[in-house]
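Asker:
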Amino acid sequence: MAAPPTPPRAAPVGPTARDQTARDQTAGGGAEAAVLVRGLRKTFGGRTVLDGVDLAAPPGTVLALLGPNGAGKTTTVRIVSTLLRPDGGEVRVAGHDVVREPDAVRRRIGLVGQHAAVDEVLGARQNLVMFGRLHHLGKAEARRRADAMLERFGLTEAADRPVQTFSGGMRRRLDLAAGLLVSPDVLLLDEPTTGLDPQGRLDVWAAVRGLAGQGVTVVLTTQHLEEADRLADQVCVLDGGRVVASGTPDELKAAIGGDRIDVVVAEDRRGEAARVVAAATGTPVQQPEDRPGLVTAPVADRMAALTAVVRALDDAGLAVVDVGLRRPTLDEAYLRITGRPAEAAQQTEVAA
Ligand SMILES: Nc1ncnc2c1ncn2[C@@H]1O[C@H](COP(=O)(O)OP(=O)(O)OP(=O)(O)O)[C@@H](O)[C@H]1O
Ligand SMILES: [Mg+2]
């Protein structure tokens, strides 16, 4: 398979400033999906890593590919971005086939890889200008766009500091700026928030939602349910190279049981607490054998449930050691969706 000629981070020169008014396509409004994947298959050395994947992202929407390590997320992104050829199925980006019209696809995408590559010694502005030049922008145009992107991602003040002094969040914002420098229709983000602190993560989330609001179609991968929940219009859960669940975040959460409340009391009072929590939440509770004193229950309304449970326990004279709301863990999600735990997801708990 021939290596694609473009650098792995973004497409060559695209159109200039995005014209909002020219964008008449609304999400799902009958227009062809900006990213359309049908029956995608890929094998490496005889091992199947994508086994008939179907995805669709309408223009101006965010599609999250959620899945544990090795699920096939990066492989999918690499195929959609023409860096890798599929072995079977169909992939179309902005109406162009990735195998037959790779150049047209590259002109319409921006890609921010899982392991981003910026020059550490250069400043943010220099990196962006160099990146624009690599994509055949003229010097003045590359500078103009670099400055616009620095402004947009709040990096203007730090623009000339070496990137090696940047925080994780600043780096990721710089990655996003690079991915957007050439005004792509479709932006592909491979784990855009992995390794970021909470503030960095919030920054990236805000940036991604803003892009979708401006009509860019975003396909991102993540291992975090919460991220998919916050960002995505549609979520596809990949596991072992197959889509094991897909839908809106709400549909997915309904399928995996929504939020949970955990209450920890003294072990000898657990049975009593379980009855109180069940009555307060109106849902069946669990008392995991390997977690002494823990009572856990699904809840519909987080804050109402928290208040009701704490009050009821207090009224019953039960001392609470710990109480918390949380999202289902990825492991719980996979258990519900696939009927078996995902080995790689076991460590990945998404904080409430
Ligand atoms: N070039 C390659 N050669 C052989 N195997 C590969 C290659 N690229 C990926 N794989 C395998 O394909 C499977 C899917 O990998 P992929 O990188 O797509 O997973 P992922 O969902 O992105 O995982 P992670 O969350 O770890 O990034 C893995 O088992 C991986 O080892
Ligand atoms: Mg990956």
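So the sequence shown is numbered by the working numbering: it starts at -10 and just counts up by one. We put the CB at the ideal spot given by N, CA and C, even for glycine.
Short check: CB of Pro317 to CB of Leu214, under 9 Å?
Answerer: Yes, the pair counts as a contact, with Cβ atoms nearer than the cut-off.
Asker: Helix, strand or coil: which one does DSSP assign to Gly17?
Answerer: Because the pLDDT of Gly17 is 39, which lies under 50, any placement of that residue in the model is unreliable, and the number read from its coordinates should be weighed accordingly. It is coil, neither helix nor strand.
Asker: Quick one, are the C-beta atoms of Val205 and Asp174 less than 9 Å apart?
Answerer: Yes, the Cβ-Cβ distance between Val205 and Asp174 is below 9 Å.
Asker: Going by DSSP, what residues sit across from Ile68 in a beta bridge?
Answerer: Ile68 is not bridged to any residue.
Asker: Buried or exposed for Ser156, please, with buried defined as at least 16 other CB atoms from any protein chain shown within 10 angstroms of its CB.
Answerer: Exposed is the call here.
Asker: Can you list, in chain order, the residues of its chain whose CB lies under 6 Å from that of Val51, leaving out five sequence neighbours each side?
Answerer: Once the five neighbours on either side are set aside, the close Cβ partners of Val51 are Ala201, Val207, Leu220, Ala221 and Asp222.
Asker: Do Ala93 and Asn150 come within 9 Å of each other at the CB atom, strictly closer than that value?
Answerer: Strictly speaking, residue 150 in this sequence is Arg, with Asn absent from that position. In this structure, Ala93 does not lie closer than 9 Å to Arg150 by Cβ.
Asker: Let me know if Leu209 comes out buried or exposed under the rule of 16 or more other beta-carbons within 10 Å of its beta-carbon.
Answerer: It is buried - the Cβ of Leu209 has at least 16 other Cβ atoms within 10 Å.
Asker: With DSSP run on the structure shown, which of helix, strand or coil describes Phe142?
Answerer: Phe142 falls in the coil class under three-state DSSP.
Asker: Are any of the Cβ atoms in chain B nearer than 9 Å to that of Arg160?
Answerer: Reference to chain B is not applicable here, since this structure consists of a single protein chain.
Asker: Quick check: the Cα distance between Asp40 and Gly61, rounded to an integer number of angstroms?
Answerer: Looking at the two C-alpha atoms, the distance is approximately 9 Å.
Asker: What's the gap between the Cα of Gln14 and the Cα of Pro48?
Answerer: In this prediction, Gln14 scores a pLDDT of 35, lower than 50, which makes its location untrustworthy; no coordinate-derived value is stated.
Asker: Please determine if the segment 109 to 125 and the segment 153 to 167 are in contact, where contact requires at least 3 C-beta pairs separated by less than 8 Å.
Answerer: The segment 109 to 125 is in contact with the segment 153 to 167.
Asker: Apart from the five residues just before and just after Val38, which ones in its own chain have a Cβ nearer than 7 Å to its Cβ?
Answerer: So the qualifying residues of the chain are Lys31, Thr32, Gly61, Thr64 and Gly230.
Asker: Hey, how far is the Cα of Val346 from the Cα of Ala148?
Answerer: Past the edges of the chain, shown from -10 to 341, lies residue 346, and the structure says nothing about it.
Asker: Label Lys242 either buried or exposed according to how many other C-beta atoms from any shown protein chain fall within 10 Å of its C-beta, with 16 as the threshold for buried.
Answerer: It counts as buried.
Asker: In terms of residue numbering, what span does the beta strand (DSSP E) encompassing Gln223 cover?
Answerer: Taken as a continuous stretch (DSSP letters only), the beta strand (DSSP E) holding Gln223 covers Gln223 to Asp228.
Asker: Can you tell me whether Asp343 is buried or exposed? The criterion is at least 16 other CB atoms within 10 Å of its CB, across all chains shown.
Answerer: Shown here, the chain extends from -10 to 341; a query on residue 343 therefore has no answer.
Asker: Which word fits Ile98, buried or exposed, when buried means at least 16 other C-beta atoms lie within 10 angstroms of its C-beta?
Answerer: Classification for Ile98: buried.
Asker: Between the alpha carbons of Arg160 and Asp136, how many angstroms are there, rounded?
Answerer: Answer to the nearest angstrom: the Cα atoms are 16 Å apart.
Asker: What are the uninterrupted segments assigned as alpha helix (DSSP H) that are 4 or more residues long and contained completely in the segment 85 to 122, given in chain order?
Answerer: Qualifying alpha helix (DSSP H) stretches, in chain order: 91 to 97.
Asker: Name the DSSP bridge partner or partners of Ser156?
Answerer: The partner list for Ser156 (beta bridge, DSSP) is empty, contrary to what the question assumes.
Asker: Among Ala234, Gly306 and Asp290, whose alpha-carbon lies nearest the alpha-carbon of Leu314?
Answerer: Minimum Cα distance to Leu314 is reached at Asp290.
Asker: If I measure Cβ to Cβ from Ala263 and keep anything under 8 Å in the same chain, skipping five residues before and after, which residues do I get?
Answerer: Val274, Gln276 and Val284, listed in sequence order.
Asker: Taking only heavy atoms of ligand 2 into account, decide whether any of them is closer than 8 Å to the Cβ of Gln115.
Answerer: No, the beta carbon of Gln115 sits no closer than 8 Å to any heavy atom of ligand 2.
Asker: Suppose you measure from the CA of Ala11 to the CA of Cys225; what does that come to, to the nearest Å?
Answerer: With a pLDDT of only 32 at Ala11, under 50, the local geometry of the prediction cannot be trusted, and the value read off the model is given with reservation. Those two C-alpha atoms are separated by around 29 Å.
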